[in-house]
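Protein chains in written order, with my numbering: chain A, 82 to 473; chain B, 82 to 473.
Worksheet: one structure, shown below.
There are 2 protein chains.
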Amino acid sequence: MVAHYEYRYQAKVGADTRPALKIVPQNKVQTYTFAALQLQRGGQLGPITIAYETWGHLSAAADNAILLTHALTGSSHAHEASAPDDPKAAWWNPLVGPGKFFDTDRYFVVCSNVLGGCSGSTGPSSINPLTGRPYGMRFPVVTIRDMVNAQYQLVQHLGIRSLAMVAGGSIGGQQALEWAVSYPEMVRNVVVVAASAAVTAQAIAFNEIARQSIMADPDWLCGDYATGHGPATGLSIARMLAMITYQSEEAMEMRFSRNPAQREVVTSPTFSPEFGGRFDIENYLYYQGDKLAHRFDANSYLYISRAMDLYDVSEGYPSLDVALQRIQGKALFIGVRSDFLFPAAQVRWLADRVQSVGGDVRYVELDSPHGHDAFLKEWALLNDALRLIEHL
Amino acid sequence: MVAHYEYRYQAKVGADTRPALKIVPQNKVQTYTFAALQLQRGGQLGPITIAYETWGHLSAAADNAILLTHALTGSSHAHEASAPDDPKAAWWNPLVGPGKFFDTDRYFVVCSNVLGGCSGSTGPSSINPLTGRPYGMRFPVVTIRDMVNAQYQLVQHLGIRSLAMVAGGSIGGQQALEWAVSYPEMVRNVVVVAASAAVTAQAIAFNEIARQSIMADPDWLCGDYATGHGPATGLSIARMLAMITYQSEEAMEMRFSRNPAQREVVTSPTFSPEFGGRFDIENYLYYQGDKLAHRFDANSYLYISRAMDLYDVSEGYPSLDVALQRIQGKALFIGVRSDFLFPAAQVRWLADRVQSVGGDVRYVELDSPHGHDAFLKEWALLNDALRLIEHL
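Structure, rendered in structure tokens:
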């Protein structure tokens with residue numbers, strides 16, 4: 082997740098004086114713990130805690146729930162009820178709330194932190210009950226399907242009988258799709274934004290380079306860093322790279338072009354000296370890298386980005402068509418014209434494929450220059466696009 | 082219970098046991114040393130040695146020379162006379178030689194290693210005469226114009242009165258363009274392949290992330306590593322990233338898609354364990370990273386990539402048009418449809434701009450899926466494109 086970016090630079094002080102990593106507990110975050118989960122790639126993991134937030138009320142029929150699924154570095158905090166008009170207060174804030182598309186007056190809106198995350202749910206920074214220390218890289222490989230299966234446990238726990246909608250973008254879109262395929266009888270509507278049946282080789286390449294950057298940082302310590310003392314440099318570089326994939330050449334050109342650094346100068350991840358000046362795009366990327374390194378766990382980054390690579394909706398089915406035929410609800414696919422992480426053509430292809438196997442589906446493409454990030458930025462376009470599912 | 086899965090760390094053998102970096106001396110490489118060069122960004126550097134190779138013979142009129150200019154990690158070895166049919170024996174081998182487009186029977190073909198490089202020319206790995214030790218990061222910022230000015234010294238030394246052509250791709254294309262603007266009276270024809278007037282914000286972003294990866298490697302030692310013991314991990318990661326920008330989503334999809342690793346497994350730059358298997362694209366990138374780390378100097382990578390970022394053909398002129406108006410020779414610009422490092426639209430835009438100020442110019446776009454790399458790969462298309470300059 083990106084996009085909520087204020088171009089306010091903070092002077093970065095040296096590594097020693099860095100505040101420890103803080104995963105700020107979100108407002109009213111609740112947790113649900115269950116014994117264990119069978120994992121898609123084998124073995125089981127437990128106990129598992131899932132952190133979640135809810136807004137609105139579950140109806141007597143327990144059928145008015147909406148599940149929102151977050152992206153790579155997101156959290157359960159899709160909405161901030163105390164600041165409904167601040168688009169930066171929560172990741173889908175402009176879309177969630179009373180009278181908004183995800184209408185908390187009518188729906189019981191739920192968002193949970195993914196399995197493998199670092200905002201309250203069980204992940205590599207959680208304590209391994211066998212050792213009393215954080216899992217680190219002893220955490221098992223988890224997949225998008227595992228994340229969805231964990232969410233399913235939560236949904237059951239909350240007494241939800243039927244989901245009016247599951248919606249998410251990017252890795253959240255992969256989860257939404259997986260919901261519609263894994264639990265077709267539960268999902269009446271699904272919205273998949275900027276996600277496809279499986280990522281491209283190029284997306285895997287970007288993710289793997291980001292992971293290598295994290296693991297190359299001597300502070301990574303094979304994943305056994307102390308909480309708050311992780312590989313900040315490597316994670317910053319990983320984030321800088323990810324930012325390229327979230328934007329587009331067009332958007333970067335509009336915003337940064339070849340301008341020299343415009344604002345207060347941020348220290349680079351390596352504290353390296355400048356040579357030949359500094360471009361604004363560089364300063365921006367340093368800022369973004371630093372920000373993530375102070376709010377996110379590096380091992381979670383490794384695991385969740387890997388889940389993104391590994392996701393293939395057809396896995397475990399005889400064919401992609403057999404998987405997609407399972408979808409019972411109405412499906413809305415939203416691509417972004419300038420997205421190069423999840424190219425619009427692939428989102429559209431998936432929608433066409435669902436339709437070809439008899440699905441009740443619509444595809445809409447956001448005409449935005451903002452690349453993948455559009456799903457966290459183009460509020461007016463998203464609102465218009467989302468309304469289409471009501472007309473399916 | 083934790084899932085049962087393979088997680089064997091390979092012991093990371095330290096930099097000590099890696100073979101020393103080998104910059105293999107090219108066949109018949111000659112050198113020319115001159116006292117000093119005034120640098121575009123201030124100060125002077127000297128003495129300067131330029132490594133070069135030549136093929137064919139200079140005519141009595143000294144006007145049949147062709148200068149080929151290489152890309153980021155290239156060298157003077159544009160042609161291998163002993164293996165004229167091996168496209169991998171030299172970087173433009175299929176285009177250079179008797180009867181080829183750059184016809185060594187008719188032309189005196191010259192290629193030199195750039196200033197800042199590590200294949201015989203003065204660069205950050207050269208001995209600083211003031212200290213008796215390698216320059217490292219005490220090497221000054223050098224620009225594309227400085228590289229061209231150093232080449233000009235070589236051209237004068239070789240007795241060349243007029244260049245029949247200057248041609249190069251990528252950073253080599255920037256040099257070719259700069260030749261036509263800086264020394265218009267010398268250049269009768271110029272061929273700029275996959276290069277533009279100045280790189281995009283996105284290209285700067287990619288380059289800076291690559292540089293941060295290099296500088297984040299503890300073996301970098303602020304640039305003061307011993308020869309052969311440089312930041313191999315960081316340089317490998319940098320190369321992996323660069324490989325994405327040299328290819329295209331389309332080409333990667335055709336070649337790798339989501340296939341598992343097909344061939345002998347290469348160790349990753351960080352010697353990290355796999356989790357969730359290995360994709361072929363990952364294995365390929367590890368291989369490419371490792372290969373570069375064993376043949377190229379990390380500090381040269383920093384300096385030359387920075388020269389690429391800093392290049393703006395208009396620098397020092399009242400306007401871009403004033404700069405481009407200086408071009409006297411015929412100019413051929415070649416873009417690649419799928420190039421996202423130097424987008425074809427920007428190459429075309431530059432060609433149009435040259436034409437609009439009265440230049441004798443043609444633009445041709447290679448319809449290749451291979452991205453930026455097409456200039457080192459699409460021999461038939463390149464040959465056809467190059468012939469266009471004869472019809473100007």
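Each residue gets a CB set at the ideal place from its N, CA and C atoms; glycine is no exception.
Margin query: Would you say V222(B) lies against chain A (beta-carbon separation less than 8 Å)?
Written below: Residue mapping note: residue 222(B) aligns to position 141 of the second sequence, counting from 1. Closer than 8 Å: yes.
Checklist line | Pick from V262(B), V347(B), V247(B) and S381(B) that is closest to D305(B), judged by C-alpha positions | finding: Working through the second sequence from its first residue, we reach residue 305(B) at position 224. Selected option, being the one with the closest Cα: S381(B).
Check: Would you call the CB atoms of F183(A) and L149(A) closer than 8 Å?
Finding: Position 102 of the first sequence, counting from 1, holds the residue named residue 183(A). Position 68 of the first sequence, counting from 1, holds the residue named residue 149(A). In this structure, L149(A) lies closer than 8 Å to F183(A) by Cβ.
Margin query: In whole angstroms, give me the CA-to-CA distance for L102(A) and R434(B).
Written below: Here residue 102(A) is taken as the residue at index 21 of the first sequence, counted from 1. Here residue 434(B) is taken as the residue at index 353 of the second sequence, counted from 1. With a pLDDT of 38 at L102(A), under the threshold of 50, the modelled position of that residue is not reliable, and the figure given next carries that caveat. Whole-angstrom Cα-Cα distance: 50 Å.
Checklist line | Distance CB(R387(A))-CB(F356(B)) smaller than 8 Å | finding: Walking along the first sequence from the start, residue 387(A) turns up at place 306. Walking along the second sequence from the start, residue 356(B) turns up at place 275. In this structure, F356(B) lies closer than 8 Å to R387(A) by Cβ.
Note to self: Cβ closer than 7 Å: which chain B residues qualify as neighbours of I362(A)?
What the structure shows: Taking the first sequence and counting its residues from 1, the one referred to as residue 362(A) is at position 281. The answer, in chain order, is A282, I285 and A286.
Notebook entry, point to check: Do you know offhand how far G178(A)'s Cα is from H151(A)'s?
Noted result: Mapped onto the first sequence, residue 178(A) falls at position 97. Mapped onto the first sequence, residue 151(A) falls at position 70. Cα-Cα distance, rounded: 17 Å.
Item checked: Cutoff 7 Å; reference V195(B); Cβ partners in own chain excluding five residues on either side -> As a first step, residue 195(B) is located in the second sequence; it is residue number 114 there, counting from the start. Hits under 7 Å: H151, S202, M228 and I385.
Item checked: I147(A) and A248(A) closer than 8 Å at C-beta -> As a position in the first sequence, residue 147(A) is number 66, starting the count at 1. As a position in the first sequence, residue 248(A) is number 167, starting the count at 1. A contact, by the Cβ cut-off of 8 Å.
Check: According to DSSP, what are the bridge partners of E134(B)?
Finding: By one-based count along the second sequence, residue 134(B) stands at place 53. The partner list for E134(B) (beta bridge, DSSP) reads C192(B).
Notebook entry, point to check: Going by the C-beta, is Q256(B) closer than 7 Å to any heavy atom of the ligand NAP?
Noted result: What this structure holds is no ligand at all, so the ligand NAP is not there to describe.
Item checked: Unbroken beta strand (DSSP E) run spanning T314(A), endpoints -> Here residue 314(A) refers to the residue found at position 233 when the first sequence is read from its first residue. Note, T314(A): premise wrong, no beta strand (DSSP E); alpha helix (DSSP H) at A313 to Y327.
Check: Okay, do the stretch 277-292 of chain B and the stretch 393-401 of chain B touch, 3+ Cβ pairs below 8 Å being the bar?
Finding: yes
Notebook entry, point to check: Any idea if D167(A) is buried or exposed, counting beta-carbon neighbours within 10 angstroms, 16 or more meaning buried?
Noted result: The residue labelled residue 167(A) in the question sits at position 86 within the first sequence. D167(A) should be labelled exposed.
Next item on the list: Please report the Cβ distance between I325(A) and P350(A), rounded to the nearest whole angstrom; I am assuming they are in contact, meaning their Cβ atoms lie under 8 Å.
Entry: Within the first sequence, residue 325(A) is the residue found at index 244, counting from 1. Within the first sequence, residue 350(A) is the residue found at index 269, counting from 1. Not confirmed; about 15 Å, so no contact.
Check: What do you reckon, are the CB atoms on P210(A) and I408(A) nearer than 8 Å?
Finding: Within the first sequence, residue 210(A) is the residue found at index 129, counting from 1. Within the first sequence, residue 408(A) is the residue found at index 327, counting from 1. No.
Check: By Cβ distance below 8 Å, which residues in the same chain neighbour A50(B) in space, the five residues on each side in sequence not counted?
Finding: For chain B, the structure presents residues 82 to 473; residue 50(B) sits outside this window and is missing.
Notebook entry, point to check: Using 8 Å as the limit for Cβ to Cβ distance, is D305(B) near chain A?
Noted result: On the second sequence, position 224 is the one that residue 305(B) refers to. So, not an interface residue.
Next item on the list: Please name the residue in S338(B), R292(B) and K372(B) whose C-alpha comes closest to that of R359(B).
Entry: The sequence position of residue 359(B) within the second sequence is 278, counting from 1. Comparing Cα-Cα distances from R359(B) to each of S338(B), R292(B) and K372(B), the minimum goes to S338(B).
Note to self: Against chain A, does L118(B) count as a neighbour if the rule is that its beta carbon must be under 8 Å from one of theirs?
What the structure shows: If you number the second sequence from 1, residue 118(B) lands on position 37. Chain A contact via Cβ: absent.
Notebook entry, point to check: When Cβ atoms are compared, which residues of the stretch 127-138 of chain A fall closer than 7 Å to chain B?
Noted result: G127
Notebook entry, point to check: Where do the N-terminal and C-terminal ends of the alpha helix (DSSP H) with F287(B) fall, by residue?
Noted result: Here residue 287(B) refers to the residue found at position 206 when the second sequence is read from its first residue. Start and end: A282 to A297.
Notebook entry, point to check: Where do the ends of the beta strand (DSSP E) carrying Q411(B) lie?
Noted result: Position 330 of the second sequence, counted from the start, is the residue given in the question as residue 411(B). In the sequence as presented, Gln is not what sits at residue 411(B); that position holds Lys. Here the beta strand (DSSP E) through K411(B) covers K411 to V417.
Notebook entry, point to check: Can you find a CB in chain A that lies within less than 8 Å of the CB of E330(B)?
Noted result: Reading the second sequence from its first residue, position 249 is the one you call residue 330(B). Taking Cβ atoms only, chain A reaches closer than 8 Å to E330(B), which makes this a yes.
Next item on the list: Consider the Cβ of S338(A): report whether some Cβ of chain B lies at a distance smaller than 8 Å.
Entry: Position 257 of the first sequence, counting from 1, holds the residue named residue 338(A). Closer than 8 Å to some Cβ of chain B, the Cβ of S338(A) qualifies, so yes.
Checklist line | Start-to-end residues for the alpha helix (DSSP H) that takes in I385(B) | finding: Reading the second sequence from its first residue, position 304 is the one you call residue 385(B). It spans A379 to L391 - the alpha helix (DSSP H) in which I385(B) sits, taken as one unbroken run.
Margin query: Strictly under 8 Å for the Cβ-Cβ distance: is T351(B) near chain A by that measure?
Written below: Sequence index remark: in the second sequence, residue 351(B) carries index 270 (1-based). Interface residue, yes.
Check: By a C-beta neighbour count over all protein chains shown, 10 Å radius and 16 as the cutoff for buried, is G440(A) buried or exposed?
Finding: Counting from one through the first sequence, the residue named residue 440(A) turns up at place 359. So G440(A) ends up on the buried side.
Notebook entry, point to check: Got a sec: is the Cβ-Cβ distance from V105(B) to anything in chain A below 8 Å?
Noted result: Against the second sequence, residue 105(B) aligns to sequence position 24. In this prediction, V105(B) scores a pLDDT of 41, lower than 50, which makes its location untrustworthy; the coordinate-derived value is nonetheless stated afterwards. No, because no Cβ of chain A sits closer than 8 Å to the Cβ of V105(B).
Next item on the list: Buried or exposed for T224(B), please, with buried defined as at least 16 other CB atoms from any protein chain shown within 10 angstroms of its CB.
Entry: As a position in the second sequence, residue 224(B) is number 143, starting the count at 1. T224(B) should be labelled buried.
Next item on the list: Confirm, please, whether the CB-CB distance from R443(B) to L475(B) is below 8 Å.
Entry: In this structure chain B extends from 82 to 473, so residue 475(B) is not present and cannot be described.
Item checked: One or two residues paired with Y444(A) in a DSSP bridge -> Translated into the one-based positions of the first sequence, residue 444(A) becomes position 363. Paired residue(s): F414(A).
Margin query: Quick check on this structure: which residue in L322(B), E161(B), Q293(B) and Q237(B) has the alpha carbon closest to the alpha carbon of P354(A)?
Written below: Taking the first sequence and counting its residues from 1, the one referred to as residue 354(A) is at position 273. The option with the nearest alpha carbon to P354(A) is Q293(B).
Item checked: Contact set between T314(B) and chain A, taken where Cβ atoms lie within less than 7 Å -> If you number the second sequence from 1, residue 314(B) lands on position 233. Within chain A, the residues near T314(B) are A297.
Next item on the list: Taking the CB atoms as reference points, tell me whether N288(B) and D390(B) lie closer together than 8 Å.
Entry: By 1-based counting over the second sequence, the position of residue 288(B) is 207. By 1-based counting over the second sequence, the position of residue 390(B) is 309. Contact flag set, yes.
Notebook entry, point to check: Within 10 angstroms of its Cβ, does N270(B) collect 16 or more other Cβ (buried), or is it exposed?
Noted result: Along the second sequence, one-based indexing puts residue 270(B) at 189. With 16 or more Cβ atoms within 10 Å of its Cβ, N270(B) is classed as buried.
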